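The next block holds one structure in the form of structure tokens; read it before the comments.
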Amino acid sequence: MNEINLYPLQKVSICIASRQIDAIIDSGAEISILNTALIPDVEIEEKGKIILESAFKERVEAKLAVLPVHYKNPDDCLFYSSSILFALTDKLNIPCLITPDVYNSLTQIPRNEDSSKVENILGSECSSSLEIQMGEERNENASRSDECSVSHSEENESGPNFSICLISESDKLPSSNDEFSESNKFRKLQRECLTLKNAFKDASLKKNNFFLRDELLFHKDKICGDTAYQLVLPKSYRDKVLQLAHNENHLGMRKTRERIKLSFYWPNVSKDVENYCRTCEKCQLKSPERQSDKIPITPVVRAPYPFHTVNVDLVGEIVSPSGRRHKYCLCLIDQNSRWPEVVPLKNLSAKTTCDALLEIFMRTGIPEI
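Read left to right, the sequence shown gives residues 1 to 369 (full-length UniProt numbering).
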């Protein structure tokens with residue numbers, strides 16, 4: 001028998017909703033597809049529906065949603081992020097399929113060719129419509145000296161595009177004082193922030209994963225099992241980052257914290273995320289009511305014999321009294337046999353109630369309870 005040569009599948013490891021997924025690059029797919037079983041607890045904003053048709057004419061209806069995807073560059077061990085349109089279905093027998101265009105958008109580092117559209121990351125004012133992502137480019141012909149930059153693109157139908165990346169020395173802007181004044185301002189804010197004093201001491205002693213790069217303070221951490229380098233933010237930048245990370249999808253505390261720590265860090269970041277999520281007005285309106293003092297349901301022990309235990313209650317006032325002016329009723333039910341007794345009452349005085357009970361007990365006996 002002739003040997004059959006199979007073309008090997010091209011796979012890439014990506015991170016979606018804090019889950020590491022091995023995606024197959026499918027050149028025959030027109031849209032990326034994700035198995036919904038991998039993200040059961042993720043709140044998804046549906047953008048529409050689509051009919052998927054396989055090569056064997058099998059048709060499947062899927063939901064459309066835009067999800068943030070993170071890719072780790074194997075060369076520099078940094079994460080790059082992009083928002084990708086997925087078709088979501090549970091019929092997919094593999095974790096994920098992505099198109100070659102999506103793979104290229106994740107692996108290719110954005111270059112800022114038009115310097116007039118480039119501003120420094122540290123001086124640009126963030127807005128609620130911006131989506132932050134971090135990356136770094138290796139320059140083969142120059143030494144690795146990194147600077148921070150930011151590129152803007154005009155808004156389109158899917159929303160504005162905003163990316164933050166670390167670029168190599170060959171991509172630096174002209175080194176004028178005006179263009180780098182905002183960068184120096186951010187360095188100054190880091191140095192003057194009282195909450196970062198201990199972090200700078202740790203960086204000088206090479207402790208607690210803090211380090212300096214181009215006089216900027218960074219923190220090294222593990223994200224999805226891989227190393228990530230996080231820019232340490234001074235206090236004046238933290239509220240805006242919290243707003244961008246949480247307000248888009250109103251994620252929970254854990255996912256908001258993981259989303260921030262993919263690119264940024266500061267002391268007590270977990271506590272700040274928790275306080276921000278707890279005080280979010282929209283989250284409070286939609287969160288379920290807490291019933292921490294609710295008593296668990298337990299079975300009622302049945303009485304061992306008839307009229308051992310009885311339940312007594314009073315009913316009334318009855319709107320239309322009887323001809324003999326009875327406005328109330330005394331109800332008694334035996335827990336063992338469910339035998340009911342009802343005695344009409346004209347009033348709820350102690351004497352009237354006791355007389356009614358004695359009338360019943362003369363026939364049934366006095367119960368223990």
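Glycine included, each C-beta is placed from N, C-alpha and C at the ideal position.
All values derive from a computational prediction rather than experimental measurement.
Beta-bridge partners assigned by DSSP to G48: L64. Q230 and N249 have their C-alpha atoms spaced approximately 22 Å apart. In the structure shown, the three-state DSSP call for K11 is strand. Secondary-structure assignment with DSSP links V312 through a beta bridge to L332. C96 sits in a strand when the DSSP states are folded into three classes. By the criterion of a C-beta distance shorter than 8 Å, N336 is surrounded in its chain by R302, A303, P304, Y305, P306, F307, H308 and T309, once the five residues flanking it on both sides are discounted.
Contact annotation: E341 and L348 have beta-carbon atoms that are not nearer than 8 Å. By the neighbour-count criterion, in which a residue is buried when 16 or more other Cβ atoms sit within 10 angstroms of its Cβ, Q190 is buried. Segment contact: the stretch 80 to 87 against the stretch 63 to 71, three or more CB-CB distances shorter than 8 Å; contact assigned. At least 8 Å separates the beta-carbon of I33 from that of L106. As the crow flies, the alpha-carbon of C277 is around 10 Å from that of K271.
The C-alpha of F211 is placed about 40 Å away from the C-alpha of D26. Here DSSP, grouped into helix, strand and coil, assigns H250 to coil.
With a 10 Å radius around the Cβ and a threshold of 16 neighbouring Cβ atoms, P288 comes out exposed. Across the structure, Y80 and N73 are spaced so that their CA atoms are roughly 7 Å apart. Comparing C-alpha distances from L244 to each of C280, D221 and K220 shows the shortest one belongs to C280.
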